[in-house]
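Residue numbers (the working numbering), protein chains in the order written: chain H, 4 to 513; chain Y, 33 to 352.
Structure, as structure tokens:
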Amino acid sequence: MSEPIVEFRHITKRFPGIVANDDVSLSIMKGEIFAVLGENGAGKSTLVSMLFGMYEPDGGEIWVRGKKEHISSPRYADSLSIGMVHQHFRLVSNYTVAENIVLGLEPVRKLFGIIPYVDMKKANRDIAELSERYGLKVNPEDVIEDLNVATRQRVEILKMLYREAEILIFDEPTAVLTPQEIESFLKILEGLRAGGKTIILITHKLREIKAVADRCAIMNRGKLISVLDVKTASTDEMAKMMVGHDISFTTERKPAHFGDVVLDVQNLTVRNHAGFEAVKSVSFQIHAGEVFAVAGVSGNGQNELADSIAGLVKPSGGKVILNGHDITDSSVREHIQAGVAYIPEDRHNVGLVLDFTLRGNFPLRLYDTPKYSRKSLINYAEFTAQSEKLTAAYDIRSARGGETIAREMSGGNQQKAIIAREIDMKTPLIIFMQPTRGLDAGAVMNIHKHIVAERDRGAAVLLISLDLDEIFDCADTVAVIYSGSINKISPASEITTDETGLYMMGVKTA
Amino acid sequence: MLDMIIIDGLSFSLPLFVMAIGGIYSERSGITNLALEGFQGFGAFTGAFAAVYLSGIFGASSDVPYYASFIFAVIGGGMFALLHALLCVKFKADQVVSGVVMNILAMASTSFLTKRINTSFFGNTANKFMLGASSRITLPGLSDIPVIGAVFKDIYPFEIMILVVAAVMWYVLYRTVYGMRLRACGDNPHSADAAGINVYAVRTVAVFISGCLSGIAGMSFAYSVSANFSPDIYLGYGYLSIAALIFGNWNILPALFACLIFGFARSGGSAVIQELGLPSSYNDLVRILPYVLTLLLLVFFSRHNRSPRALGQIYDKGQR
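Laid out in structure tokens, this is it:
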């Protein structure tokens, strides 16, 4: 940890409508874990993307190993031993782990000394050895689509190591991981540092930075605020710099006043695509003015539960009753009319029409109501009015306002748009599925406030999350789903995080 | 009669198969290819032109025009396919639209050119190049085996050619670096790009190969089904091979199986009509058999089949 391996000197980068990086200068030392902290849209991804050759700076210089470099493409970054794990993994889903890793650098042997072929035996051996050396458990012959997110991430890391990358960039690596997976991921990072690698970690999770990082750069609205030594800085201090003002980490809430039962789920059973019972005879009730939070490790039936209550999937057994009406077999349209709002986990495929404008995305659920259309003719003036109202009220930032194509917006703002649309319907039941996945602390806080506000308005709120902090921040009642069954329902005040964790792992059952 | 079914079935299945392999190359690289029909027609056109021209030089009894015609069909089909690649890869046009346009363009341009060439080169006004049917080979010994012997009886030379080409193409697709990269481009071009692979180049070559292989198919049909090149070459065999490759789940060996089913359905149907002594107009009825079969098979199998994930998606480096 002596000489700087990467230096950003006065980097400026502009995009239409915004300055993503404004005169940013910092240097990263060899062999350290360097975190870049900031809210969504603070410019941290942009900054680091330039090091990986995805964009070129409009002003300033990038120096690598004491040499000024024009990093014009990821391929060039590769030649400088710079590797990056993107937020959305770049893996070929029907290939094996080893095939993915060697892709582009395939070991070749020759049949009868002349006919070349890809030597997968050698590839498998090499990958097994590499994963052994860095303690990254993967089986080289597994096919990617059968693997969970955490394993795929390890494949991405191995891809960089196979290419002998020395500078490893991680863009929001823990956004998709469960608490246990995050633990082991942080261990992996420490192992890589011990192996002499330099790690650049883009994140907005203070706890992770505190746990592993050596130094931390804090960015806000394109500007570098400060570079701190993590050991001596407090999380409060870092959070304050990141957001630009004081924030408190627990959402303030008034005591709950439960009303009548709004949602009554009775013995609900849902089969997944493979015909397997993903939700097994689940029963619970949610009252008006109650946040009912379902905790659980990813893949235990949460998606199917939410989709079936929202009407996207037909349950194979049981009943869903909303305000006394049986909506089990109703269509999605009838669910909307009955008063179910849904913030889905899959923002891109379920939540938004990515190629529509932001303005066009807001009325998606109500476009057929008299407000937005008369006699099949669309009232665009109303679209615009709604768009202006919601973007202002929910602070949705985008380059061209309502005319921005949804695809071009940042993940945080896409999520804000969905939440704004759903909350604005003021329905008796609102389902939040992983509402803050991949969002920064400021945005998370904001969304939690909305969740509690919905409760206070008298809505029944179903919150499904992998994040225990989120659950305990918002919940009045905590339920734990494990392997398709709810094995614990308890008032939030009567259960601890640790205890919930045990139910989540299936160690404890009620 | 069984011999006839096998002989005719194979001579129809194999050209279909080589064209399906071409389609697999294109589609596994991520480029939707509805243009096989046009590729095979254009390939057959260039090959037939070469054959007619060369037989004027080498004499009608020479084998040179026959084999040269396949080489020219490969070149012609490939060059024509590059137009599809140009539209889909470079100009990022809609691949379905481009495919349909290629088919129409092939049909119109080759009909026109055939007439013009006949007028100015050969001094007649026909709209076809007469080729004559290909000679056939019977392998001694093997063909004497009961029932299966028919496989080795009365084979067109192009059938052997196709089997050799198919074996090579199988090896390239599943065993070589290029094949591995090609299949990666069809599943996730972004990851291929991140691995330093030039997605555009891989796809262009894949479409070129599909044109070359279709050229072989078109030439084979010209030498077997019709014994000439005329606009009748556009009978929908290209679409049939697309059905075969879908039915074969975008893999080469299952596609061969599908092609054999189509081929035997056709030859079997013809045999039945002959046996029953029905008028030959019923042969047209039999010709729809492979298509009816296609519909049925697709109903039952398409649910389990999965197309390459990035198929038909325009790849733009800059987009996320």
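Glycine is no exception: its CB is placed at the ideal position from the N, C-alpha and C atoms.
**Asked** Going by the beta-carbon positions, is the gap between H/V264 and H/Q288 smaller than 9 Å?
**Response** Judged by beta-carbon spacing, H/Q288 lies within the 9 Å limit of H/V264, meaning their Cβ atoms are closer than that value.
**Residues of the segment 87–102 of chain H whose Cβ lies closer than 9 Å to any Cβ of chain Y, in chain order** = Those residues of the segment 87–102 of chain H that come within reach of chain Y (Cβ to Cβ, closer than 9 Å) are M87, H89, H91, F92, R93, L94, V95, S96, N97, Y98 and E102.
**Request:** Return no unless some Cβ of chain Y is closer than 9 Å to the Cβ of H/E2.
**Result:** The first residue shown for chain H is 4 and the last is 513, placing residue 2 of chain H beyond what the model contains.
**Request:** Buried or exposed for Y/M134, please, with buried defined as at least 16 other CB atoms from any protein chain shown within 10 angstroms of its CB.
**Result:** By the neighbour-count definition (other C-beta atoms within 10 Å, threshold 16), Y/M134 is a buried residue.
**Message:** For the segment 54–82 of chain H, list every residue whose C-beta sits within 8 Å of some C-beta in chain Y, in sequence order.
**Reply:** Taking 8 Å as the cut-off between beta carbons, the residues of the segment 54–82 of chain H near chain Y are P77, R78 and D81, in sequence order.
**Request:** Please compile the residues from chain Y whose C-beta is within a distance smaller than 7 Å of the C-beta of H/Y120.
**Result:** Simply R207 and T208.
**Request:** Tell me, please, which residues DSSP counts as bridged to Y/N260.
**Result:** Y/N260 is bridged to Y/M162.
**Asked** Along chain Y, in chain order, which residues have C-beta atoms closer than 8 Å to that of H/L106?
**Response** Listed along chain Y, the residues sitting closer than 8 Å to H/L106 by beta-carbon distance are M212, R213, A216, S223, A224, A227 and I229.
**Request:** Can you give me the Cβ contacts of H/G302 inside the same chain, cut-off strictly under 8 Å, excluding the 5 residues immediately before and after it?
**Result:** Once the five neighbours on either side are set aside, the close Cβ partners of H/G302 are N151.
**Prompt:** What are the start and end residues of the beta strand (DSSP E) that includes H/E10?
**Reply:** Note, H/E10: beta strand (DSSP E), P7 to F18.
**Prompt:** Do you know whose CA, among Y/N315, Y/L171 and Y/N159, lies nearest Y/I305's CA?
**Reply:** Ranking Y/N315, Y/L171 and Y/N159 by Cα distance to Y/I305 puts Y/N315 first.
**Asked** Nearest to H/C219 by alpha carbon, out of H/G116, H/I65 and H/V39?
**Response** Nearest to H/C219 by alpha-carbon distance, out of H/G116, H/I65 and H/V39, is H/V39.
**Proximal residues of chain H, C-beta to C-beta of Y/R341 below 9 Å** = Ordered by position in chain H, the residues that pass the 9 Å Cβ test against Y/R341 are V95, S96 and N97.
**Message:** Any beta carbon of chain Y sitting closer than 9 Å to that of H/K162?
**Reply:** Judged by the 9 Å Cβ criterion, H/K162 is in contact with chain Y.
**Request:** Output the distance between the C-alpha atoms of H/S376 and H/R93, rounded to the nearest integer angstrom.
**Result:** Their backbone Cα atoms lie some 41 Å apart in a straight line.
**Asked** Interface residues of chain H around Y/D219 at Cβ under 8 Å?
**Response** Simply V95, S96, N97 and Y98.
**Request:** Buried or exposed for H/E42, please, with buried defined as at least 16 other CB atoms from any protein chain shown within 10 angstroms of its CB.
**Result:** Burial check for H/E42: the Cβ neighbour count within 10 Å reaches 16 or more, so the residue is buried.
**7 Å Cβ shell around H/P19 - same chain, five flanking residues per side excluded** = Shown here for H/P19: same chain residues with a beta carbon closer than 7 Å to its own, the five before and five after excluded, namely A402 in chain order.
**Prompt:** Does the distance from the C-beta atom of H/L195 to that of H/E211 stay below 9 Å?
**Reply:** Result no, Cβ atoms of H/L195 and H/E211 do not sit closer than 9 Å.
**Request:** Would you check if the distance between the CB atom of Y/W282 and the CB atom of Y/S339 is smaller than 9 Å?
**Result:** Y/W282 places its beta carbon less than 9 Å from that of Y/S339.
**Message:** Strictly under 9 Å for the Cβ-Cβ distance: is Y/Y269 near chain H by that measure?
**Reply:** Not a single CB atom of chain H sits nearer than 9 Å to the CB of Y/Y269.
**Request:** Give the secondary structure of H/H328 by DSSP, where H, G and I count as helix, E and B as strand, and everything else as coil.
**Result:** Secondary structure of H/H328 (DSSP, three-state): strand.
**Message:** Could you compute how far the alpha carbon of H/M4 sits from the alpha carbon of H/G34?
**Reply:** In this prediction, H/M4 scores a pLDDT of 47, lower than 50, which makes its location untrustworthy; the coordinate-derived value is nonetheless stated afterwards. The alpha-carbon atoms of H/M4 and H/G34 are separated by roughly 6 Å.
**Asked** Is the segment 103–113 of chain H touching the segment 157–170 of chain H in the sense that three or more CB pairs, one from each, lie closer than 8 Å?
**Response** Yes, since at least three Cβ pairs between the segment 157–170 of chain H and the segment 103–113 of chain H fall closer than 8 Å, the two stretches touch.
**Prompt:** Would a C-beta distance cut-off of 9 Å place H/G441 and H/E175 closer than the cut-off?
**Reply:** Taking 9 Å as the cut-off, the beta carbon of H/G441 is found closer than this to the beta carbon of H/E175.
**Prompt:** For Y/Y57 and chain A, any beta-carbon pair shorter than 9 Å?
**Reply:** Here the protein chains are H and Y, and chain A is not one of them.
**Item:** Exposure of H/D358, with buried meaning 16 or more beta-carbon neighbours within 10 Å
**Value:** Answer is exposed; the Cβ neighbour count stays below 16.
**Message:** In the DSSP assignment, the beta strand (DSSP E) including H/T206 goes from what residue to what residue?
**Reply:** Where H/T206 is concerned, the enclosing beta strand (DSSP E) stretches over T201 to T206.
**Request:** List the whole-angstrom C-beta distance separating H/G314 from H/V356, where the pair is believed to meet the contact cut-off of C-beta under 8 Å.
**Result:** Not a contact, Cβ separation roughly 18 Å.
**Prompt:** Y/G41 to Y/A276, Cα distance in whole Å?
**Reply:** C-alpha separation (whole angstroms): 15 Å.
**Request:** Over the uninterrupted alpha helix (DSSP H) stretch that includes Y/N135, give me the two end residues.
**Result:** First-last of the alpha helix (DSSP H) with Y/N135: Q127 to I149.
**Request:** Just mark H/D239 as buried or exposed, buried being the case when its beta carbon has 16 or more other beta carbons within 10 Å.
**Result:** It counts as exposed.
**Prompt:** Going along the chain, which residues of its own chain have a beta-carbon closer than 8 Å to the beta-carbon of H/S75, five neighbours each way excluded?
**Reply:** If we look at H/S75 and ignore the five residues flanking it on each side, its Cβ neighbours are G56 and E59.
**Request:** Give the secondary structure of H/N97 by DSSP, where H, G and I count as helix, E and B as strand, and everything else as coil.
**Result:** Coil at H/N97, not helix or strand.
**Message:** Can you tell me whether H/D476 is buried or exposed? The criterion is at least 16 other CB atoms within 10 Å of its CB, across all chains shown.
**Reply:** Counting Cβ neighbours within 10 Å, H/D476 comes out buried, since at least 16 surround it.
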